[in-house]
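First the structure, in the form of structure tokens, and then the observations on it.
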Amino acid sequence: MSIVITFGTYDLFHIGHHNILNRAKNYGDKLVVGISTDALNYKKKQKYPVYCESERKTIVSSIKYVDEVFLEESLEQKREYIIKYKADILIMGNDWEGKFDELNDICKVIYLPRTENISTTKIKQDIKNL
Ligand code: C2G
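For the sequence shown, the numbering used here gives the first residue as 1, with consecutive numbering after it.
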């Protein structure tokens, strides 16, 4: 059985999130998703997500092609998570292209193209402009 792992915030869950998770699942038998904690988001972007980590985790874990979900506490722990969840493949959107290539020694690293014209930032902007 091959295991795929991927990571993200998945705030205001949208079709771009669906597309990457759905495509990621096609690379293996089991899909494990690391959800960035609120604290990690604050560290990365100096702001908190709209939906808190427990709500984001609940939403992602209810998706039928997602098999397991955990909270990602730090970007630097990817190697530990890959080993812990016995992942064979790491999938990330191509906004992260090249960033995780050093993990190629323990799993296959694949970057998939992002879905165009949608993002959490754009949704927030669009709502503001209503
Ligand atoms: N994504 C996508 N298309 C979009 C928007 C997002 O394919 N239009 C993908 C991203 O490339 C990422 C995943 O959806 O792989 C989750 O996106 P975000 O929630 O924006 O996650 P991010 O803040 O990039 O966190 O450890 C890595 C980080 O936790 C990733």
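Ideal placement from N, C-alpha and C gives every residue a C-beta, glycine not left out.
- A residue is called buried once 16 or more other Cβ atoms fall within 10 Å of its Cβ, and Leu31 is buried on that count.
- Under the three-state reduction of DSSP, Tyr85 is assigned to coil, being neither helix nor strand.
- The residue among Thr6, Asn19 and Ile3 with its C-alpha nearest the C-alpha of Glu116 is Asn19.
- Secondary structure at Gly28: coil, using DSSP grouped into helix, strand and coil.
- Annotation: Met92 to Ile83 spans about 17 Å, alpha carbon to alpha carbon.
- In this structure, DSSP gives Tyr42 a helical state, which the three-state scheme calls helix.
- According to DSSP, residue pairing for Glu68 in a beta bridge involves Val32.
- Under the criterion of beta carbons closer than 8 Å, Asp38 and Ser2 do not qualify as touching, at roughly 31 Å.
- The stretch 88-103 and the stretch 3-10 touch, with three or more beta-carbon pairs separated by less than 8 Å.
- Cβ contact annotation for Val69 (same chain, cutoff 7 Å, sequence separation greater than five): Val33, Ile35, Lys57, Val60 and Ser61, in chain order.
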